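Q:
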Ligand SMILES: [Zn+2]
C-alpha cells in the first residue's frame, strides 16, 4: 500500500462489533483520542484506549510519524456509541442472499421482488447440500420447481454466477479493493 499511513482505511465497528463505516487513519485515531472508540488488536481482539494502544499495538502496525512520537495506526476501531443498536443480523439470511444476487433469479435472470424469489440449494438439501453462501442462490419459483431435487447440471440449467460469500454486510458495503486482511473476520 503506497498511500500515506494517515489516509489508509480503518474498519469501524459498532458496539455489537458489526462493521458500520470506514474511516481514514487520521479520523480513526482522533476518535480513539477523544475516547469515542477503542483501537482493536485484530490478533487478540483486545480493545485499547489511546495510551494503551500506543503501548501495546501489534508489532506489525504501521507507524504514523508525529513530531513527538510514532503513533501506531489502527486497522480496526470499535465505537463506544453508535446511535441505536441495530438488530443483530445473521451472517446468512434470505434478504442478504437476495441482495447479493441483485434480486435476480440466478438461472433465468428474471428480476423479482421478495415474493417472487426463493432460495435454491445448488446441491439439493436432500443430498446433503448445506445452507450457505456457497451453495445457495436466489431463484424464481418456476426455475426452482423445474430444477427440483437435481443439480443444475442434471437439470440442464446454468447458473449465471458462481455463488460466493459476499464482501459486504447488511450494514456496510466496502469496495473490494479496500478490504484489508485484518478485517476479514468482521465482514460477512
Ligand atoms: Zn428463473
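In the numbering used here, the protein residues as written are 26 to 213.
Every residue, glycine too, gets a C-beta built ideally from N, C-alpha and C.
No experiment lies behind these values; they were computed from the predicted model shown.
Throw me the rounded Cβ distance for the residue 89 and residue 31 pair, which I believe falls under 8 Å.
A: For this step, residue 89 is matched to residue 64 along the chain shown. For this step, residue 31 is matched to residue 6 along the chain shown. Their Cβ separation, rounded to whole angstroms, is 6 Å, which keeps residue 89 and residue 31 in contact under 8 Å.
Q: Compute the minimum distance between the beta carbon of residue 188 and the heavy atoms of ligand 1, and state whether it is under 7 Å.
A: On the chain shown, position 163 is the one that residue 188 refers to. Residue 188: no, Cβ never under 7 Å from ligand 1.
Q: Inspect the beta-carbon positions of residue 47 and residue 36 and report whether they are closer than 8 Å.
A: Taking the chain shown and counting its residues from 1, the one referred to as residue 47 is at position 22. Taking the chain shown and counting its residues from 1, the one referred to as residue 36 is at position 11. Contact: yes.
Q: Grab the span of the alpha helix (DSSP H) containing residue 168 for me, first residue to last.
A: To locate residue 168, count along the chain shown from 1; it is residue 143. Taken as a continuous stretch (DSSP letters only), the alpha helix (DSSP H) holding residue 168 covers 166-172.
Q: Along the alpha helix (DSSP H) that carries residue 177, what are the first and last residues, could you check?
A: Counted from its first residue, the chain shown places residue 177 at position 152. 177-180 is the span of the alpha helix (DSSP H), which, as asked, contains residue 177.
Q: With a threshold of 16 other CB atoms inside 10 Å of the CB of residue 132, please say whether the residue is buried or exposed.
A: Taking the chain shown and counting its residues from 1, the one referred to as residue 132 is at position 107. So residue 132 ends up on the buried side.
Q: Is there contact between the segment 145-152 and the segment 118-127, where contact requires at least three CB pairs shorter than 8 Å?
A: Judged by Cβ distances under 8 Å, the segment 145-152 makes no contact with the segment 118-127, as fewer than three pairs qualify.
Q: Quick one: Cα of residue 81 to Cα of residue 99, how far?
A: Translated into the one-based positions of the chain shown, residue 81 becomes position 56. Translated into the one-based positions of the chain shown, residue 99 becomes position 74. So the two alpha carbons sit approximately 11 Å from each other.
Q: Within 10 angstroms of the Cβ of residue 33, are there 16 or more other Cβ atoms? Answer buried if so, exposed if not.
A: Your numbering for residue 33 matches position 8 in the chain shown. So residue 33 counts as buried.
Q: Can you find the residues in the same chain that come closer than 8 Å, C-beta to C-beta, to residue 86, ignoring five residues on each side of it along the sequence?
A: Here residue 86 refers to the residue found at position 61 when the chain shown is read from its first residue. Excluding residues within five positions, the ones whose Cβ falls inside 8 Å are 97, 98, 99, 100.
Q: Comparing C-alpha positions only, which one of 207, 187, 121, 208 sits nearest to residue 147?
A: Translated into the one-based positions of the chain shown, residue 147 becomes position 122. Cα-wise, what sits closest to residue 147 is 187.
Q: Comparing the CB of residue 123 with every heavy atom of ligand 1, is any distance shorter than 7 Å?
A: Position 98 of the chain shown, counting from 1, holds the residue named residue 123. No, the Cβ of residue 123 stays beyond 7 Å of every heavy atom of ligand 1.
Q: Measure from the alpha carbon of residue 28 to the alpha carbon of each residue in 44, 50, 72, 43, then state which is nearest.
A: Taking the chain shown and counting its residues from 1, one reaches residue 28 at position 3. Cα-wise, what sits closest to residue 28 is 50.
Q: Take residue 189 and list the residues in its own chain whose beta-carbon comes closer than 8 Å to its own, dropping the five residues that flank it on each side.
A: Looking up residue 189 in the chain shown gives position 164. Only 158, 159 meet the Cβ criterion.
Q: Within the continuous alpha helix (DSSP H) that includes residue 48, where are the two ends?
A: On the chain shown, residue 48 is found 23 positions in, with the first residue counted as 1. Where residue 48 is concerned, there is no enclosing alpha helix (DSSP H), although the beta strand (DSSP E) it sits in stretches over 44-49.
Q: Could you spell out the range, first to last residue, of the beta strand (DSSP E) harbouring residue 64?
A: Position 39 of the chain shown, counted from the first residue, corresponds to residue 64. It spans 62-65 - the beta strand (DSSP E) in which residue 64 sits, taken as one unbroken run.
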